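Chemist: One structure, pasted below without further comment.
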Amino acid sequence: MCMHVLERTSSAFFLWSSQSQIDLLFFDQNHISLPILEKEDRTYFCTIPASFKVVEEGFPNMEKSANLQFQRLQSPVRSLASRFRRVCVYCGSSPGRNPSYQLAAIQLGKQLVERNIDLVYGGGSIGLMGLVSQVVYDGGRHVLGVIPRTLMPRELTGETIGEVRAVSGMHQRKAEMARHADAFIALPGGYGTLEELLEMITWAQLGIHDKPVGLLNVDGYYNSLLTFIDKAVDEGFVAPAARHIIVSAPTAHELLAKLEVLL
-7 MCMHVLERTS
3 SAFFLWSSQS
13 QIDLLFFDQN
23 HISLPILEKE
33 DRTYFCTIPA
43 SFKVVEEGFP
53 NMEKSANLQF
63 QRLQSPVRSL
73 ASRFRRVCVY
83 CGSSPGRNPS
93 YQLAAIQLGK
103 QLVERNIDLV
113 YGGGSIGLMG
123 LVSQVVYDGG
133 RHVLGVIPRT
143 LMPRELTGET
153 IGEVRAVSGM
163 HQRKAEMARH
173 ADAFIALPGG
183 YGTLEELLEM
193 ITWAQLGIHD
203 KPVGLLNVDG
213 YYNSLLTFID
223 KAVDEGFVAP
233 AARHIIVSAP
243 TAHELLAKLE
253 VLL
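The following block contains the structure:
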């Protein structure tokens, strides 16, 4: 589906719904999911066909499509706030040189709090991991930090915020974090962040879990990684279906919205 068709479809829905602002939540070759109502810290959405027919026939068909989708739901609207109980966040123990990375960590924490989502992370209180965990903790949500016992006395990443779960080693740390999470999100980070992210993608590819995996691509930080994955698909090393395991977006709001509507 060409981007201009998606934009035109979104614009048509915007005019039909008479709202002041509308964000594209999620799309594939067949559908677009759009927010229709913000109420009590919850976002409600509907799904409409992303097709040339919808665009060409205009607003009456747009209204018909939306109404049909509403009828298929168990209730008139479906809440985005209730799907995830806890999200695992991978990120750097450094703040990064670009202030936008720190702002993104803070915004992700705020989004988790607003959606009543708890946090599981790798422990510590410095860098991006310290920012996101502190925001979630200060917002009244539960924070679980998982850290190997061998690293606890050294305090390489600072004192862990929230509940501390000590495990025997790095492999157990990743398994414990994955066990408690309903979804995974990676902020900018280094080797450790990349290793944790790729392992969750691999586990999904192998069918070990079916939880959403998100990439918070702040200011294009992960553009090169996404290009590499596309190259691996083109060269036959990654199956085309596996390319869609990872979901990316430039902001926390957009990313969580995309992850929420994945089946």
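With the first letter of the sequence shown counted as 1, position 253 gets the number 245 in our numbering; the numbers rise by one all the way through. Where a beta carbon is used, it is the ideal one built from N, C-alpha and C, also for glycine. Treat the numbers as computed from the prediction; the structure is a model and nothing was measured.
(1) Rounding to the nearest angstrom, what Cα-Cα distance links Leu198 and Met162 in this structure?
(2) To which residues does DSSP link Ala234 through a beta bridge?
(3) Please report the straight-line C-alpha distance between Phe220 and Ser92, rounded to a whole angstrom.
(4) Taking C-beta to C-beta, are Lys166 and Glu188 nearer than 8 Å?
(5) Taking all protein chains shown into account, decide if Phe229 is buried (16 or more other Cβ within 10 angstroms of its Cβ) or exposed.
(6) Measuring only the C-alpha atoms, how far is Leu190 from Gly132?
(7) Candidates Ala158, Thr194, Pro180, Lys102: which alpha carbon is nearest Val86's?
(8) From Leu100, Pro242, Ile139, pick the residue whose C-alpha is nearest to that of Ser125; which is it?
(9) Decide yes or no for the touch test of the region 105 to 118 against the region 205 to 215: beta carbon pairs closer than 8 Å, at least 3 of them.
(10) What is the DSSP secondary structure of Gly119, reduced to helix, strand or coil?
(11) Quick one: residues in its chain with C-beta nearer than 7 Å to the C-beta of Asn90, no 5 flanking neighbours on either side, listed in chain order?
(12) Rounded to whole angstroms, what's the CA-CA distance from Tyr183 to Glu106? Just pull it up for me.
(13) Under 8 Å by Cβ, that's how I've got Gly154 and Leu136 pegged, so tell me the actual separation to the nearest angstrom.
(14) Compare the C-alpha of Ile237 against each of Leu254, Arg157, His245 and name the closest.
(15) Excluding the five sequence neighbours on either side, which residues of its own chain have a C-beta within less than 6 Å of the C-beta of Val225, listed in chain order?
(16) If you draw a straight line from the alpha carbon of Leu217 to that of Met121, how long is it in whole angstroms?
(17) Is it the case that the Cβ atoms of Gln265 and Ala244 are separated by a distance below 8 Å?
Modeler: According to the structure data:
(1) 21 Å
(2) According to DSSP, which records beta bridges pairwise, Ala234 is partnered with nothing at all.
(3) 24 Å
(4) Their beta carbons are under 8 Å apart, which means Lys166 touches Glu188 by this criterion.
(5) exposed
(6) 30 Å
(7) Note on residue identity: the sequence assigns Ser, not Val, to residue 86. Of Ala158, Thr194, Pro180, Lys102, the residue nearest in Cα terms is Pro180.
(8) The residue with the shortest Cα to Cα distance from Ser125 is Leu100.
(9) no
(10) helix
(11) Asp211
(12) 30 Å
(13) 6 Å
(14) Leu254
(15) Pro232, Arg235
(16) 21 Å
(17) Nothing can be reported for residue 265, as the shown portion of the chain is limited to -7 through 255.
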